[in-house]
Amino acid sequence: MANEMSKGDRNMHGVVTTKPERQSDRLRLYNLASVGEERQWLRDVLLSSETESSSDEDSPSAKDQRIRRLLKERHRHNKYAKDYYKDPGNSRYMYYGAGLLSTIDRYPERRISRPVP
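Letter by letter, the sequence shown follows residues 1 to 117 in the UniProt record's numbering.
Right under this line is the structure:
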């Protein structure tokens, strides 16, 4: 199968795809029919192929470095989450964004004071 692949082709989950096929897949994935000029940059980012990465191409040291970075970020997240949940007053902000998007309060029970988990 490696002989059949040309430059720009990628083996994704056992299926060889060409660059134009991947770009057309991305076009179908996102609804970009009504993107205006102010969001053209976002369209370009979503359709760019520069961010594609294959785990087959990564070196073992790059994988180790990425795993260490992910573990460090997870440790930092857990540290701040623990501090956040120590204050019971913070639980009222948990669904703040959802309340801004709807006309009714879908989470009224969150206003009730609850013990820290």
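Glycine included, every Cβ here is placed at the ideal spot set by N, Cα and C.
The model shown is predicted, which means the values in this text are computed figures rather than measured ones.
Rounded straight-line distance, which links the Cα of residue j to that of residue i
| i | j | result |
| --- | --- | --- |
| Leu29 | Ser6 | 25 Å |
| Thr18 | Asp44 | 19 Å |
| Val15 | Lys82 | 43 Å |
Helix, strand or coil at residue i according to DSSP, with G and I counted as helix
| i | result |
| --- | --- |
| Asn31 | coil |
| Met1 | Residue confidence for Met1 is low, a pLDDT of 47 falling below 50, so the modelled location carries little weight; the figure read from the coordinates is stated next. Met1 falls in the coil class under three-state DSSP. |
N- and C-terminal bounds of the alpha helix (DSSP H) containing residue i
| i | result |
| --- | --- |
| His75 | Pro60 to Lys86 |
| Asp44 | Gln40 to Leu47 |
8 Å Cβ cutoff met for residue i and residue j
| i | j | result |
| --- | --- | --- |
| Arg68 | Leu47 | no |
| Tyr84 | Asn90 | yes |
Cβ-heavy atom distance, residue i to the ligand MN, below 7 Å
| i | result |
| --- | --- |
| Arg66 | By its list of ligands, the structure shown contains no ligand whatsoever, and the ligand MN lies outside what it can speak to. |
Residue i: first and last residue of the uninterrupted beta strand (DSSP E) it sits in
| i | result |
| --- | --- |
| Thr17 | Val15 to Thr17 |
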